[in-house]
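Quick note on the UniProt record's numbering: the sequence shown kicks off at 1 and runs consecutively. Beta carbons: idealized from backbone N, C-alpha and C, even for Gly.
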Amino acid sequence: RKINDSYSFDYHLDLNEFLEKPNCSSCSYKLLSILVHSGDNSSGHYVSFINPKLDKEWFKFDDDVVARVASNDAMERNFGGVQDDDGSMYNTSAYMLVYIREDCQ
1 RKINDSYSFD YHLDLNEFLE KPNCSSCSYK LLSILVHSGD NSSGHYVSFI NPKLDKEWFK
61 FDDDVVARVA SNDAMERNFG GVQDDDGSMY NTSAYMLVYI REDCQ
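Below, the structure is given as C-alpha cells:
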C-alpha cells in the first residue's frame, strides 16, 4: 500500500544544530528539486519540480512538457489524502527532495 500522508519539508535547511562544531556557511541548504509520484504502488507517473536558480521560481517537468508553476504547486500540493475544492482526493507524494548547499550556488 502506498502511503500518501501529508508531511512538510522546508525550502531552507540548516544543519548547524546537528554538528559538534557548527560552521555557519557550509551547512545551509536550499531546495533545488522535488520528485513526485502520482498513482498507487503498482502503477503511476513521475514528474519533477525544479527550482534552477534557487529563487523559488519553480518549473514542472512532465514528460516532454515543461511549465512554470507557483511555489505552492511544487511544495504544498503533492500529498495524497487531501481533498481538492471539488472533493476529489490527491494521489501524489513527494518521493525525493534534492537540496544544494548555499555556498555552492
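Non-local beta-carbon contacts of M96 in its own chain, meaning distances under 6 Å to residues more than five positions away in sequence, involve L35 in chain order.
Listed in chain order, the beta strand (DSSP E) runs fully inside the UniProt domain "USP" (1–102) are 12–14, 28–39, 44–50, 58–62, 65–69 and 92–101, counting runs of at least 3 residues.
Take the alpha-carbon of S28 and the one of L13: they are about 6 Å apart.
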